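Enquirer:
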Amino acid sequence: MIADDHPLIREAIQLSMRARHPGYTVDVAGSIDEAEALIKRNGPYRLLLLDYELPDANGFGGFFKLQHLLGRTPIAIISAHDSEQMVSTAQAVGATGFLSKRQPLDVTIAGIEIILHGGRVFPPSPGPDTQTDMLRKRLDSLSGAQRRVLLALASGDLNKQIAADLGVSEATIKAHLSAIFRKLGVTNRTQAILLMRPLLQPS
Numbered sequence: 011m012i013a014d015d016h017p018l019i020r021e022a023i024q025l026s027m028r029a030r031h032p033g034y035t036v037d038v039a040g041s042i043d044e045a046e047a048l049i050k051r052n053g054p055y056r057l058l059l060l061d062y063e064l065p066d067a068n069g070f071g072g073f074f075k076l077q078h079l080l081g082r083t084p085i086a087i088i089s090a091h092d093s094e095q096m097v098s099t100a101q102a103v104g105a106t107g108f109l110s111k112r113q114p115l116d117v118t119i120a121g122i123e124i125i126l127h128g129g130r131v132f133p134p135s136p137g138p139d140t141q142t143d144m145l146r147k148r149l150d151s152l153s154g155a156q157r158r159v160l161l162a163l164a165s166g167d168l169n170k171q172i173a174a175d176l177g178v179s180e181a182t183i184k185a186h187l188s189a190i191f192r193k194l195g196v197t198n199r200t201q202a203i204l205l206m207r208p209l210l211q212p213s
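This note's numbering puts the first residue of the sequence shown at 11, with every later residue one more than the last.
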């Protein structure tokens with residue numbers, strides 16, 4: 011699946027991949043919500059190519075949401091925002107590749123082929139820094155439900171909204187928040203959001 015809100019980019023990649031692999035189905039989505047709906051309808055994909063800057067992505071929040079749904083499916087980030095910090099954060103959060111929109115299409119397609127065959131593709135980078143690595147480990151300590159609650163917090167949702175979206179009671183959300191604060195080593199939602207911001211929205 012290609013999740014990108016730029017029609018020219020996703021159509022160029024889609025056409026190139028279909029030409030190389032006539033038997034492949036290459037779905038496209040223009041938002042995190044559309045990608046989520048396709049995953050729920052079609053099940054796991056062989057690869058998700060994800061634009062970091064989708065309108066409803068909230069930094070890497072969209073990546074984490076789709077990662078939770080896809081399980082072991084590799085996710086490669088594609089973006090024109092290709093700073094060293096962005097690339098190293100993509101590595102830290104578990105992406106299997108980072109493809110810059112500044113590079114020629116044939117280079118992007120070659121990168122996709124490598125990932126489809128089990129490889130990893132990243133531009134030269136010093137790798138995740140100590141803080142990013144620490145934040146990733148704390149995020150990993152959260153359960154799937156706790157991670158979804160944290161992402162909703164980062165989006166500014168209130169307990170009542172989060173409970174409605176997840177189909178649980180507000181009491182359950184409060185219990186999740188208590189566990190999240192404990193695991194992250196903070197005491198309130200503001201501290202939790204500030205702590206995780208470098209991971210969700212790298213500069």
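Backbone N, C-alpha and C fix where the C-beta goes; we use that ideal spot for every residue, glycine too. Just so we're clear, the structure is a prediction, and the values are computed from it rather than from any experiment.
Just checking, does the region 25-43 make contact with the region 67-80 on the three C-beta pairs under 8 Å criterion?
Expert: Flag = yes, the region 25-43 and the region 67-80 touch.
Enquirer: Would you say Thr106 and Arg82 are within 8 Å of each other, going by their C-beta atoms?
Expert: Taking the first residue of the sequence shown as position 1, residue 106 is located at position 96. Taking the first residue of the sequence shown as position 1, residue 82 is located at position 72. No, the pair does not count as a contact, with Cβ atoms beyond the cut-off.
Enquirer: Pull the bridge partners of Asp61 from the DSSP assignment, please.
Expert: Locating residue 61 in the sequence shown gives position 51, counting from the first residue. Looking at the DSSP assignment, Asp61 forms a beta bridge with Ile88.
Enquirer: Within its chain, find whatever has a CB closer than 8 Å to the CB of Pro133; leave out the 5 residues flanking it on each side and keep chain order.
Expert: As a position in the sequence shown, residue 133 is number 123, starting the count at 1. Only Asp92, Val97, Phe108 and Ser110 meet the Cβ criterion.
Enquirer: Ordered along the chain, which non-local residues of its own chain (more than five positions away) have a Cβ less than 8 Å from that of Arg30?
Expert: Here the question's residue 30 lines up with position 20 in the sequence shown. Here the set comprises Ile119 and Glu123.
Enquirer: For Ser179, which of helix, strand or coil comes out of DSSP?
Expert: Working through the sequence shown from its first residue, we reach residue 179 at position 169. Here Ser179 sits in coil by DSSP.
Enquirer: Below 8 Å between beta carbons: does that hold for Leu210 and Arg199?
Expert: Working through the sequence shown from its first residue, we reach residue 210 at position 200. Working through the sequence shown from its first residue, we reach residue 199 at position 189. Against a cut-off of 8 Å, the Cβ pair of Arg199 and Leu210 comes out as no contact.
Enquirer: For Asp167, which residues in the same chain have their Cβ closer than 8 Å to its Cβ, ignoring the five residues on either side in sequence?
Expert: In the sequence shown, residue 167 corresponds to position 157, counting from 1. The residues are Asp175.
Enquirer: Please check the pair Leu18 and Ile49, which I expect to be a contact at CB under 8 Å, by giving their CB distance rounded to whole angstroms.
Expert: Taking the first residue of the sequence shown as position 1, residue 18 is located at position 8. Taking the first residue of the sequence shown as position 1, residue 49 is located at position 39. Not confirmed; about 24 Å, so no contact.
Enquirer: Apart from the five residues just before and just after Lys170, which ones in its own chain have a Cβ nearer than 7 Å to its Cβ?
Expert: Sequence index remark: in the sequence shown, residue 170 carries index 160 (1-based). Cβ within range, chain order: Glu180.
Enquirer: Looking at the strands, I want to know which residues DSSP matches up with Ser93.
Expert: Locating residue 93 in the sequence shown gives position 83, where the first residue counts as 1. DSSP lists no partner for Ser93.
Enquirer: Considering only DSSP beta bridges, list what Phe108 is partnered with.
Expert: The residue labelled residue 108 in the question sits at position 98 within the sequence shown. Looking at the DSSP assignment, Phe108 forms a beta bridge with Ile87.
Enquirer: For my contact list, Asp143 and Ala102 are in at a C-beta cut-off of 8 Å; report their separation, rounded to the angstrom.
Expert: Within the sequence shown, residue 143 is the residue found at index 133, counting from 1. Within the sequence shown, residue 102 is the residue found at index 92, counting from 1. Between Ala102 and Asp143 the Cβ distance is about 6 Å, and since that is below 8 Å, they are a contact.
Enquirer: Rounded to whole angstroms, what is the Cα-Cα separation between Met11 and Asn52?
Expert: Working through the sequence shown from its first residue, we reach residue 11 at position 1. Working through the sequence shown from its first residue, we reach residue 52 at position 42. If I take the Cα positions, the gap works out to 11 Å.
Enquirer: Which residue wins for smallest C-alpha separation from Ile88, given the options Lys75, Leu204 and Gln113?
Expert: Residue 88 sits at position 78 when you count from the first residue of the sequence shown. The shortest C-alpha separation from Ile88 is found at Gln113.
Enquirer: Does Val196 come out as helix, strand or coil in the three-state DSSP assignment?
Expert: Here residue 196 corresponds to residue number 186 of the sequence shown, with the count starting at 1. Three-state DSSP puts Val196 in coil, outside helix and strand.
Enquirer: For Arg157 versus Leu149, is the C-beta spacing smaller than 8 Å?
Expert: Counting from 1 along the sequence shown, the entry for residue 157 is found at position 147. Counting from 1 along the sequence shown, the entry for residue 149 is found at position 139. Their beta carbons are under 8 Å apart, which means Arg157 touches Leu149 by this criterion.
Enquirer: Please state if the CB of Leu59 and the CB of Ala13 are separated by a distance shorter than 8 Å.
Expert: Locating residue 13 in the sequence shown gives position 3, counting from the first residue. Locating residue 59 in the sequence shown gives position 49, counting from the first residue. Their beta carbons are under 8 Å apart, which means Ala13 touches Leu59 by this criterion.
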